[in-house]
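Take the sequence shown: its letter number 48 is residue 48 in the working numbering, and every next letter is one higher.
Report on one structure; see the data block that follows.
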Amino acid sequence: MGCDISAPIESEVVARVGENTLIKEDIINLVPDGLSKDDSIKILTKYIDNWALNQLIRENAELNLSVDEIEEITKLSEKYYNELFITAYKNKVAAVNSDTIVNSSDVIDYYEEFRDNFKLYEDIIKGRYAKLSKDNFNLQEIKRRFRRLNNNDKSFFDSISIQLLNYSFNDSTWINKNLFFNKIPVLNDLEKEKIVKNMLYHSKEDSMDLYLVKVNDYKKVDDVAPIDYIYGRIEEILQNRKRVDFIKKFEKEILDNAKKDNKFQFNK
1 MGCDISAPIE SEVVARVGEN TLIKEDIINL VPDGLSKDDS IKILTKYIDN
51 WALNQLIREN AELNLSVDEI EEITKLSEKY YNELFITAYK NKVAAVNSDT
101 IVNSSDVIDY YEEFRDNFKL YEDIIKGRYA KLSKDNFNLQ EIKRRFRRLN
151 NNDKSFFDSI SIQLLNYSFN DSTWINKNLF FNKIPVLNDL EKEKIVKNML
201 YHSKEDSMDL YLVKVNDYKK VDDVAPIDYI YGRIEEILQN RKRVDFIKKF
251 EKEILDNAKK DNKFQFNK
């Protein structure tokens, strides 16, 4: 007796609802590696139960919805599918087209033209901090290097990073002031304001640890945001604008070419 090798063998079927089947290949990749047997069974059981429930509800829906309701759902499904298909194609074409590329000069020009629209709604700073045990044997050297922080000093801190309980030396990047000082809870509000306003180096101890902080720059609420703080935001604005303009042009060209080739006819 011959057999159809393309048909799934019976052992592959793990669940069945009416004529609908769930086969092993549909669920084989659902369980992450490293899970226990019990956890794996729970995940698979939940998935299979949900699959079966959806099949059963759909069967009931097909029996109980009117013909008009089913036709409306079918139309909506086709419309949604077409929109997904078309959007994916538009995005793919736009992504590789040079008309949608934003360069640094575009961002700078836009920033200069609309800089008054980019007022800050939060205080931001550039700064660095470090937390370490106040019993560290090398405190004076650490303080000296932290305050100066040239390239050699950064290499030094890399070599002793295991001695630091918490730190950030990324002082060329703007950060929300409150997020920054949340890492240094030993400071009171007056100390924070003094450090920020005067861009100071400061050290303070609690019962166990030493905190070092240095602020290099700051901007207040309602100041114009620095371009490097909002560069990504402006870049996204321009990319979206160029993408919309390109897609409009792309759609017009498709229609014009179709009319020219008599592929699209409109009988008014």
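Where a beta carbon is used, it is the ideal one built from N, C-alpha and C, also for glycine.
- Distance from the Cα of E141 is smallest, within the candidate group L212, A88, E191, S77, for L212.
- For V31, there is no enclosing alpha helix (DSSP H), as DSSP gives it neither H nor E.
- Here the alpha carbons of L165 and D38 stand approximately 39 Å from one another.
- V67 and T74 have their C-alpha atoms spaced approximately 10 Å apart.
- Note on geometry: alpha-carbon atoms of K24 and E78 lie some 29 Å from one another.
- If you check the CB distance, I247 and A94 come in under 8 Å.
- Every beta strand (DSSP E) stretch that sits fully inside the segment 110 to 163 and reaches 3 residues is listed by chain position as 124 to 133.
- Around the CB of A61, fewer than 16 other CB atoms lie within 10 Å, so the residue is classed as exposed.
- Contact between the segment 179 to 192 and the segment 225 to 233 is absent: fewer than three C-beta pairs spanning the two stretches fall below 8 Å.
- Each residue's CA atom was taken as its position, placing R147 and D135 some 19 Å apart.
- One alpha carbon belongs to H202, the other to A225, and they sit about 26 Å apart.
- By the neighbour-count definition (other C-beta atoms within 10 Å, threshold 16), T100 is a buried residue.
- Spanning the alpha carbons of Q163 and K220 requires a straight line of approximately 34 Å.
- In this structure, S133 and D209 form a Cβ contact; the two beta carbons are roughly 6 Å apart against a cut-off of 8 Å.
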